[in-house]
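The opening residue of the sequence shown carries number 0 in numbering that gives the first Met the number 0; numbering runs sequentially from there.
Ideal Cβ placement from N, Cα and C applies to all residues, glycine included.
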Amino acid sequence: MERRLLQIAVLIAGCVPVAGGLFGALQGARAFGAWPGYAADSHMRYLSGLLFAIGLLYWGCVPAIERRGTAIRMLTAIVVTGGLARLAGVFLAGDPGSMRWTLAMELGVAPTLCLWQARVATGQKQAAILASR
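Pasting the structure below:
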């Protein structure tokens, strides 16, 4: 019963970031509309904190990169989802200017590194199998 209640609570709590993220991705800066400047500043700082944490989590994968496939894939999915939202903004709001480089990281570099990690992990597994024979 406790497990089921936790599942329900997580589903309900997840509605806030899903709705807020979707609204922000679709509306861009317009999502801040009538918010005073301090609220927009607060939101920008929160999102920057998330980016900071994503980078730290990627770095945390480095020492045992061949065994961190699940974490790398999850982080990459988060980054690519953000990149897709940014790409939608290109079509909805126009050229992001210098943020084009960020878009390239989100939709190009991150997936490439994820695929590379999978290749390295597969190579390590094959080497371990051969070494055990």
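With residue i and residue j assumed to form a contact (beta carbons below 8 Å), what rounded beta-carbon distance in angstroms separates them?
i: Asp53; j: Ile77; result: It should be pointed out that residue 53 corresponds to Ile in this sequence rather than to Asp. Their Cβ separation, rounded to whole angstroms, is 6 Å, which keeps Ile53 and Ile77 in contact under 8 Å.
i: Pro95; j: Leu106; result: Not a contact, Cβ separation roughly 12 Å.
In or out: residue i buried (at least 16 other Cβ within 10 Å) or exposed?
i: Cys14; result: exposed
i: Gly82; result: buried
i: Gln123; result: exposed
i: Arg66; result: exposed
i: Ala28; result: exposed
i: Ala33; result: exposed
i: Gln116; result: buried
Could you please give the first and the last residue of the uninterrupted alpha helix (DSSP H) stretch that includes residue i?
i: Ala28; result: That residue, Ala28, is in no alpha helix (DSSP H); it is neither H nor E in DSSP.
i: Leu74; result: 68-92
i: Ala126; result: 109-131
Just tell me which of the options has its CA closest to the CA of residue i.
i: Val89; options: Gln26, Cys113, Ala12; result: Gln26
i: Gly23; options: Met104, Leu91, Arg99, Leu129; result: Leu91
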